[in-house]
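K.L.:
Quick one: the structure is below, questions incoming.
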Amino acid sequence: MNFIFAFFILTGIVVAAVRGDIQLVTQSVANAANHGVQQAIGFIGIMSFWLGLARIAQEAGLIKLLTGILEPVIRLLFPSIPRGHRAMGSVLMNISANIMGLGSAATPFGLKAMQELQELNREKETASEAMCTFLAVNTASVTLVPATIIAFRASTGSANPGEVVGPVIFATMCASLVALTADYMFRRRNRRRKD
Amino acid sequence: MLEVIFSQISRWAIPFFVLLIVGVGFIRGVKVFEVFAEGAQEGFWLAVKLIPYIVGLFVAIGLFRDSGALDLCIGILQPFLSLVGVPGEVVPLFMVRPLSGMAAMAMTVELFHRLGPDSFAGRLASTIHGSTDTTLYILSVYFASVGIKRFRYALTVGLIGDVAGFVASVFIVNRMFGS
């Protein structure tokens, strides 16, 4: 991440200088910084709402129920989460929200899951194996209902906004399978190195 | 038929969840309002904690894009990608999708307006947009929220997944909609 940050900023400034448009840098930085704060502030409402709702679900025993049903799948993907640990519930809620294309609900659950995975993590500044797997699932965004894109297509006059659902499911399955396989292989390689 | 079902699912999912959670909670005697407020409190601090990381990421990506460095990279990739059946208009999306969700969204909508959502490029852009996520953003925000500094292999895995998603999108769209 440090490399990417430095690379983007340095290349950006050098390219702007070479193109003789250096004053653009100041403006771009100010714009992006503002945008960033707006984005984070914009999170507050929706994040509070879903985390509040998640707490109700937890108290009502709904999360326990869901975890009970889907535990075998999660155990397969995340062998390092102990049986019945509450991280499992959040991981499940995040994945279900992603599957249904509910991006605004997926992020709060995802961040909650990260906090709970961090409790299980022994080295607090290094990503744990479970975290890496969890992010592999998230970045590949397993989805059955690409809601945003269907809405965009409909609003720009597509004759058949939903015709991409099939291709999206196919592509996202491929992406997820490949990401999970890569994750599995990295995990095994790292373990062997430690032994 | 399938798309009607799917669009109905996404229309009903959120109302259904809210109804289910609040309803079951209330029936089971949970103090729904107090418990809700307790949980919601976390949301505020979480969002505030994320500000510095999101600002840093947005500045770096914004600079890379606005300076023209991104266009330079796209220019280099273009000839190779057009060889495997990727229309030139979609190439920028390949580069932008893992970096910035908003930029990718703007790009897709702009492409729909210019070429139409039912053009080949429009369908490919839809598939790419729907099938992968903003890897860099998710990784930095999720890890930052719990103070993880060493990502280990997570970034590599995320990018491998993105490439797989792109390849699969190009393949399936050519197969289904190509001439």
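Each protein sequence line maps, in turn, to chains A and B.
Residues 45 to 239 in the numbering used here are what the first sequence lists, from first letter to last.
Residues 620 to 798 in the numbering used here are what the second sequence lists, from first letter to last.
C-beta atoms are modelled at their ideal positions from N, C-alpha and C, and glycine is treated no differently.
Every value quoted in this text rests on a predicted model; they were computed, and no experiment measured them.
1. If contact means a Cβ-Cβ distance below 8 angstroms, which residues of the segment 119-140 of chain A contact chain B?
2. Using the three-state DSSP reduction, which class does R119 (chain A) fall into: helix, strand or coil?
3. First and last residue of the alpha helix (DSSP H) that includes E103 (chain A)?
4. With the cut-off set at 7 angstroms, would you say V678 (chain B) and A60 (chain A) are in Cβ contact?
5. Grouping DSSP H, G and I as helix and E and B as strand, with all else coil, what is T216 (chain A)?
6. Give me the residue from A:I90, A:L146 and A:S124 with the minimum Cα distance to L161 (chain A).
7. From what residue to what residue does the alpha helix (DSSP H) around S745 (chain B) run?
8. Taking just the CA atoms, how far does G64 (chain A) sit from G154 (chain A)?
9. Have a look at M158 (chain A) and I747 (chain B) and give me their C-alpha separation to the nearest angstrom.
10. Measuring CB atoms only, is the segment 697-713 of chain B touching the segment 111-122 of chain A, in the sense that at least three cross pairs come out at less than 8 angstroms?
11. V212 (chain A): which of A:F122, A:R166, A:M229 and A:A191 sits nearest, CA to CA?
12. Kindly confirm or deny that the segment 91-101 of chain A and the segment 656-675 of chain B touch, where touching means at least three C-beta pairs closer than 8 angstroms.
13. Going by alpha carbons, who is nearest to P706 (chain B) out of B:L734, B:S719, B:R684 and B:Q627?
14. F93 (chain A) touches chain B at which residues, Cβ-Cβ below 8 angstroms?
15. Could you check where the alpha helix (DSSP H) with K668 (chain B) kicks off and where it finishes?
16. Contact criterion: CB-CB distance below 7 angstroms. Does F699 (chain B) meet it with respect to chain A?
17. Which residues in the same chain as R742 (chain B) place their Cβ atom closer than 7 angstroms to its Cβ, once the five residues preceding and following it in sequence are excluded?
18. Checking contacts by CB at 7 angstroms: is D685 (chain B) closer than that to chain A?
19. Just to confirm before moving on: does the CB-CB distance between D688 (chain B) and T55 (chain A) stay below 7 angstroms?
20. Count the other C-beta atoms from every protein chain shown that fall within 10 angstroms of the C-beta of L639 (chain B), then say buried if there are 16 or more, exposed otherwise.
P.N.:
Looking at the coordinates:
1. Residues passing the 8 angstroms Cβ filter: none.
2. helix
3. Q67 to E103
4. no
5. Correct three-state label for T216 (chain A): helix.
6. Closest option to L161 (chain A), Cα to Cα, is A:S124.
7. F739 to S750
8. 43 angstroms
9. 27 angstroms
10. no
11. Of the listed residues, the one whose Cα sits closest to V212 (chain A) is A:A191.
12. yes
13. B:L734
14. A659 and G662
15. V651 to D685
16. Under the Cβ distance rule, F699 (chain B) does not count among the residues neighbouring chain A, no pair being separated by less than 7 angstroms.
17. V792 and F796.
18. yes
19. Correcting the residue type first, residue 688 (chain B) is Ala in the shown sequence and not Asp. Yes. Within cutoff.
20. exposed
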